[in-house]
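With the sequence shown counted from 1, adding 1229 to any position gets you this note's numbering. Note that CB positions come from ideal geometry on N, CA and C, so glycine has one too. Here the structure is a predicted model, which means the values were calculated and not measured.
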Amino acid sequence: MANGPVLKLLFIGDVVGKGGRKAVHALLPELKKEYGCTFAIVNAENSAAGAGITATCLDEMQEADVFTSGDHVWDQKAFEEEIRRYKNVLRPANFSERQPGNGWGRFRNPAGGDVAVISLLGKVFMKDSAYNPFDTVEQILKQIPVTCKCVVVDFHAEATSEKLAMGWFLDGKVTAVIGTHTHVQTADARVFPNGTAYLTDVGMVGGNDSILGRNAEDVIRKFRTGMPTRLNVTEDKIRLDFCVVSYEMNTGKAVNIEAHSKLYQPETEV
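What follows is the structure, encoded as structure tokens:
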């Protein structure tokens, strides 16, 4: 039996390009109603033509409560200054403290209580300049007030083993560990023994008939020839991948996690 009210939050995977932004704008309000979610987190790090973030991209997806990111957060040069305008946009917490922006924050859930969101970057097959994410998250957890029961970690990482290790490391310490970065939704959504919801990768918001949101022929050519190739973003027939986490408001412990996908066809621009 649940300990007090059970709340639900929505986590949407890596947004790729204009089509992805349109899908979030159009579908997020519907998804919150359909699944009874009162809080939504969106990973936006590929929203600017597939590489990085801009203020314009964020404004087009203002239905989200919090935006997380990853290794491409600084791909758009102007975002170094733009990020300072947004309280609800996070860059990886295990980047240098000299970098602009914040790696975690507390945000109000309209249904009750606060939600602490932490953005982390993996080390395996990723940027060498990132600090140890395990040590970083351990220090952040000491700073979160005990009154903030719900804590969600976006672990932007390549290796499934590193993601699983983070999930087990944080079991019982956070509400959810949701993996991002690979753009492929995994089939391992579960709640660990001590009450932490886990998913190795939530997926993406990008072209359904694509390779990780990029034109399939472009990617195949690059693999076959080994030659430099422009990997165009696919903007038609978008698949929005997401998960829904149910948790006890009084304890922050997860009681369920479900992974889903929904198709969206952007309107043709005249």
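Kindly indicate the opening and closing residues of the beta strand (DSSP E) around residue i.
i, result
"His1301", "Per DSSP, His1301 belongs to no beta strand (DSSP E) and is neither H nor E."
"Thr1365", "No beta strand (DSSP E) contains Thr1365, which is instead part of the alpha helix (DSSP H) from Pro1362 to Gln1372."
"Ala1345", "Asp1343 to Leu1350"
"Gly1401", "Segment: none, Gly1401 is in no beta strand (DSSP E) and carries neither H nor E."
"Cys1379", "Cys1379 to His1385"
"Ser1490", "Ala1483 to Tyr1493"
Pull up the distance between the alpha-carbon of residue i and that of residue j, whole angstroms please.
i, j, result
"Gly1424", "Thr1458", "45 angstroms"
"Arg1453", "Glu1446", "10 angstroms"
"Cys1500", "Lys1451", "Because the chain is modelled from 1230 through 1499, residue 1500 falls outside the range shown and cannot be assessed."
"His1412", "Leu1441", "6 angstroms"
"Pro1500", "Val1448", "Residue 1500 falls outside the range modelled here, since the chain spans only 1230 to 1499, and no answer is possible."
"Lys1237", "Gln1291", "19 angstroms"
"Ser1439", "Glu1289", "23 angstroms"
"Asp1304", "Gly1279", "10 angstroms"
"Leu1319", "Val1271", "10 angstroms"
"Ser1490", "Lys1247", "18 angstroms"
"Asp1465", "Tyr1493", "9 angstroms"
"Leu1393", "Asp1343", "26 angstroms"
"Ala1277", "Cys1286", "6 angstroms"
"Asp1243", "Thr1409", "7 angstroms"
"Leu1239", "Gly1455", "39 angstroms"
"Val1484", "Tyr1427", "11 angstroms"
"Val1235", "Leu1460", "43 angstroms"
"Gly1332", "Phe1308", "15 angstroms"
"Lys1316", "Ser1390", "32 angstroms"
"Val1302", "Val1245", "13 angstroms"
"Ala1488", "Cys1472", "4 angstroms"
"Ala1273", "Pro1422", "30 angstroms"
Run the CB neighbour count on residue i, radius 10 Å, all protein chains shown included, and call it buried at 16 or more, exposed below.
i, result
"Ser1358", "exposed"
"Thr1404", "buried"
"Arg1250", "buried"
"Asn1232", "exposed"
"Pro1374", "exposed"
"Ile1486", "buried"
"Phe1268", "buried"
"Val1499", "Here Val1499 scores only 33 on pLDDT, less than 50, and its place in the model is too uncertain to base an answer on."
"Met1355", "buried"
"Arg1313", "exposed"
"Val1353", "exposed"
"Glu1263", "exposed"
"Arg1337", "exposed"
"Lys1482", "buried"
"Lys1371", "exposed"
"Lys1306", "exposed"
For residue i, report the span of its alpha helix (DSSP H) as first-last.
i, result
"His1254", "Gly1246 to Tyr1264"
"Ile1312", "Here Ile1312 belongs to no alpha helix (DSSP H), and DSSP marks it neither H nor E."
"Glu1391", "Thr1389 to Phe1398"
"Leu1287", "Ala1284 to Glu1289"
Does the CB of residue i have a neighbour CB from chain B at under 7 angstroms?
i, result
"Tyr1264", "You won't find chain B in this structure, because it holds only one protein chain."
(request) State whether the region 1431 to 1441 contacts the region 1297 to 1304, with contact taken as three or more CB pairs (one from each stretch) at a distance under 8 angstroms. (result) no
(message) Quick check for students: name the residue ranges of the beta strand (DSSP E) that lie wholly in the region 1426 to 1478, counting only runs of 3 or more.
(response) 1426 to 1428, 1433 to 1436 and 1467 to 1477
(message) So, does the region 1343 to 1359 touch the region 1375 to 1394, judging by three or more C-beta pairs under 8 angstroms?
(response) yes
(request) Examine the Cβ distances between the region 1361 to 1370 and the region 1385 to 1402 and report whether three or more of them are shorter than 8 angstroms. (result) yes
(request) Flag this pair as touching only if the region 1318 to 1326 and the region 1253 to 1262 have three or more C-beta atom pairs under 8 angstroms; answer yes or no. (result) no
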